[in-house]
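Asker: For reference, the structure I am asking about is given below.
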Amino acid sequence: MSEILAQVAFVMIAALAIAPMVFYASSLLYVGFRFRQGSISFLVKTLVIGLMTVPVAILVTLWAILHFAAIGALWMRRILAKCTGKAIMTVADTESPHQPDDVVVHLVHGTFESNADWTNPDSPLCKAILTRNPSVRLSRFIWSGLNTHRARREAADLFAGQVLASPSRKQYVVAHSHAGNIVRDASERVPAIAQKIQGVALLSTPFIFRKTVERTGRGFVFTHSMGFAVVVQLPLALALVPFDAYGPVVAGLSMVLATLIEMKISQRFQAELNKELEIENGDVELRDVQILHAIGDEADSLLRFVSFLHESCFGLFSQLQATARQMSGHEVPHLVALGILAIAMAGTWLSDLTGRSFWISAIGVVAVGVLGAYLKERYRPSGDQPMVLMMMALPVGFISFWLAAAKSLAYGDWRLLFCPSIFISSSETPVGGQHNPIKYAPDNDGMLVHSTHSHRKAIRDVAEWLYMRETSPTSGTVRSHHD
């Protein structure tokens with residue numbers, strides 16, 4: 021009796037393992053016959069995005085390992101500092117305390133460069149500023165440089181505090197890369213700094229824009245959550261396989277649990293982001309905002325590319341939703357026939373491959389399941405998202421989750437991984453206000469295009485802008501020199 025129960029259990033587990041493949045195969049056959057042109061377009065797009073996601077997934081995995089290793093090292097450094105009594109400096113000023121009549125220029129570095137060379141007094145930019153404006157006091161603002169939303173918000177508060185703490189009535193800011201987002205956040209979070217800052221020059225800043233959008237894919241977007249359940253299997257398998265404790269039962273239960281956890285986390289993070297978006301207006305709330313960009317900036321291009329790839333997944337969900345409106349329950353019997361055909365093909369292949377007859381029993385169980393599910397869809401439709409199309413969305417959901425991980429790392433906000441309704445991208449200028457950015461062609465290939473702080477013409481323009489602001493405050497617009 022126990023042997024029979026064991027065989028039945030094994031057959032059921034095998035059926036559960038192959039059921040998704042059978043459902044997907046039958047769905048693919050049905051959609052291919054019913055919507056030939058659209059299905060080919062859908063499959064080609066899915067394949068292309070999927071192939072592009074493979075290297076992205078590899079890079080995300082390696083980046084995640086390095087990211088968490090760096091965070092661990094930072095925490096160890098903080099713990100060591102507490103034990104030894106040595107403080108870790110976050111804000112630094114290169115000179116003695118300011119006086120009310122001093123003209124102070126704050127130099128704010130970007131991501132991954134907490135000791136940026138361009139902020140040192142002997143850098144080409146600093147020399148150019150001091151040569152053109154000998155009375156200027158340079159003040160370095162040093163922050164962690166981590167590429168995280170939290171690090172930038174903390175830096176914004178600290179920077180606002182440094183500005184307010186200075187008695188100088190004439191303060192300017194030169195910020196590079198994500199430091200521009202720090203300055204923007206500081207102007208939103210602490211509006212009082214606008215009274216002290218006379219002008220800002222933002223170099224190669226990829227202004228981050230976030231917005232909650234309506235996903236027209238509706239219920240198909242739910243498969244994004246199921247992508248998390250699949251991704252969880254990798255570390256789980258690596259942890260349990262050495263102990264021979266990973267199998268179909270563990271995989272099935274962990275996928276259900278992971279999906280529920282993902283939905284709960286998503287609700288929490290979505291609420292947090294909605295509160296933040298309520299107070300964001302996207303503009304830099306300071307006077308005389310000058311924006312300098314290099315053509316072909318690597319950082320801005322990377323952020324936009326990652327956003328584009330992920331948004332393509334939602335385009336596929338939207339295509340499925342449009343297809344769903346053309347379907348009706350009367351077409352389901354054809355789907356049943358195709359499903360049975362796919363099951364027969366799968367059963368024959370598995371039996372020949374393994375030489376084990378229990379697969380025939382498993383296929384029979386799946387056949388009954390498929391038939392029951394399709395008949396239920398025929399007489400009691402599930403609504404906007406027919407099951408046949410929901411199965412088609414599963415691979416896209418898996419791809420979407422990997423691309424969401426890449427986007428989260430690129431923008432430094434892990435909450436994006438669980439909030440598919442949040443649209444995020446970068447822009448050369450803030451969304452609010454009117455700005456005319458100055459653009460520069462690369463000088464040479466010996467440095468990153470993103471390094472505008474070392475661009476010969478940009479250096480001259482920033483120094484001249486500061487000079488014009490002090491000698492003729494009404495004529496402080498950056499003028500690009502092309503001679």
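Numbering-wise, the numbering used here puts 351 at position 331 of the sequence shown, and it's gapless, one number per residue. Every residue, glycine too, gets a C-beta built ideally from N, C-alpha and C.
1) Count the CB pairs spanning the segment 288-295 and the segment 433-447 that are closer than 8 angstroms, and state whether there are at least three.
2) Is the Cβ-Cβ distance between S197 and H470 less than 8 angstroms?
3) At which residues does the alpha helix (DSSP H) containing S321 begin and terminate?
4) So, is T491 buried or exposed, given that buried needs 16 or more other C-beta atoms within 10 angstroms?
5) Determine the direct distance from the alpha carbon of L127 to that of P262, and round the result to whole angstroms.
6) Pull the bridge partners of T232 from the DSSP assignment, please.
7) Should A259 be labelled buried (16 or more other beta-carbon atoms within 10 Å of its own) or exposed?
8) If you compare alpha carbons, which of H169, R238, F227 and A424 is closest to S338?
9) When you compare each of L306, S47 and P462 to S224 by their alpha carbons, which one comes out closest?
10) Return the CA-CA distance between V416 and D481, expressed in angstroms with no decimal places.
11) May I have the straight-line CA-CA distance separating A483 from Q310, to the nearest angstrom?
12) What first and last residue would you give for the beta strand (DSSP E) that runs through A221?
13) Quick check on DSSP: helix, strand or coil for Y192?
14) Less than 6 angstroms between C-beta atoms, sequence neighbours within five positions excluded: which residues of the same chain meet that for R189?
15) Applying the 10 Å Cβ sphere with the 16-neighbour rule, what's the burial state of V68?
16) Roughly how many whole angstroms lie between the Cα atoms of A176 and M283?
17) Closer than 8 angstroms is the cut-off here; do at least three beta carbon pairs connect the segment 172-186 with the segment 199-219?
18) P457: which of G92, M488, N167 and P226 sits nearest, CA to CA?
19) Could you tell me whether the Cβ atoms of D308 and G453 are closer together than 8 angstroms?
20) On the criterion of 16 or more Cβ atoms from any shown chain inside 10 Å, does A136 qualify as buried, or is it exposed?
21) Closest to N167 by CA distance: which of S134, Y192, R157 and S159 is it?
22) Could you round the C-beta distance between A278 and A314 to whole angstroms and report it? I think they count as a contact, below 8 angstroms.
23) Put A314 into one of helix, strand or coil per three-state DSSP.
24) Going by DSSP, which residues form a beta bridge with I458?
25) Measure the beta-carbon distance from R157 to V124 and round it to whole angstroms, keeping in mind my assumption that it falls under 8 angstroms.
26) Taking only the alpha-carbon atoms, compute the straight-line gap between L336 and T236 and give it to the nearest angstrom.
27) Does A136 get closer than 8 angstroms to chain C when you measure Cβ to Cβ?
28) Where do the N-terminal and C-terminal ends of the alpha helix (DSSP H) with R170 fall, by residue?
29) Quick one: what's got a C-beta closer than 6 angstroms to L312's C-beta in the same chain, skipping five residues either side?
30) I411 and S47: beta carbons closer than 8 angstroms?
31) Tell me the rounded alpha-carbon separation between F229 and S274.
32) Would you kindly work out how many angstroms separate the C-alpha atoms of L256 and H244, rounded to a whole number?
33) Based on the DSSP secondary-structure assignment, which residues constitute the bridge partners of R152?
Answerer: In brief:
1) As far as the Cβ criterion goes, the segment 288-295 touches the segment 433-447, which means the pair count is three or higher.
2) Pairing S197 with H470 gives a Cβ-Cβ distance under 8 angstroms.
3) Run containing S321: E318 to A344, per the alpha helix (DSSP H) assignment.
4) Looking at its Cβ environment, which holds fewer than 16 other Cβ atoms inside 10 Å, T491 is exposed.
5) The alpha-carbon atoms of P262 and L127 are separated by roughly 52 angstroms.
6) T232 is bridged to I442.
7) Residue environment for A259: exposed (fewer than 16 other C-beta atoms within 10 angstroms of its C-beta).
8) Nearest option by C-alpha distance: R238.
9) Looking at L306, S47 and P462, the one whose alpha-carbon comes closest to that of S224 is P462.
10) When rounded, the distance between both Cα atoms is 47 angstroms.
11) Straight across, the Cα-Cα distance linking A483 with Q310 is about 12 angstroms.
12) First-last of the beta strand (DSSP E) with A221: I217 to L223.
13) For Y192, the three-state secondary structure derived from DSSP is strand.
14) Correct list, in chain order: P120.
15) V68 comes out exposed.
16) Take the alpha-carbon of A176 and the one of M283: they are about 31 angstroms apart.
17) By the C-beta criterion, the segment 172-186 is judged to be in contact with the segment 199-219, since at least 3 inter-stretch pairs fall below 8 angstroms.
18) Nearest C-alpha to P457 among G92, M488, N167 and P226: P226.
19) Result no, Cβ atoms of D308 and G453 do not sit closer than 8 angstroms.
20) When all chains shown are included, A136 counts as buried.
21) Relative to the Cα of N167, the nearest Cα in the group S134, Y192, R157 and S159 belongs to S134.
22) The Cβ separation is near 43 angstroms, so there is no contact.
23) Strand.
24) Under DSSP, I458 shares a beta bridge with L312.
25) Between R157 and V124 the beta-carbon gap is near 5 angstroms, inside 8 angstroms, which marks them as a contact.
26) Distance between the alpha carbons of L336 and T236: 10 angstroms.
27) Within the model displayed, chain C is absent; a lone protein chain is all it includes.
28) Start and end: H169 to A185.
29) For L312, where only same-chain residues beyond five positions count, the Cβ hits under 6 angstroms are L223, I458, T472 and A478.
30) Looking at the sequence provided, one finds Met at residue 411 rather than Ile. Contact flag set, yes.
31) Going by the C-alpha atoms only, they are around 35 angstroms apart.
32) C-alpha separation (whole angstroms): 19 angstroms.
33) In the DSSP output, where bridge partners are listed per residue, R152 has none listed.
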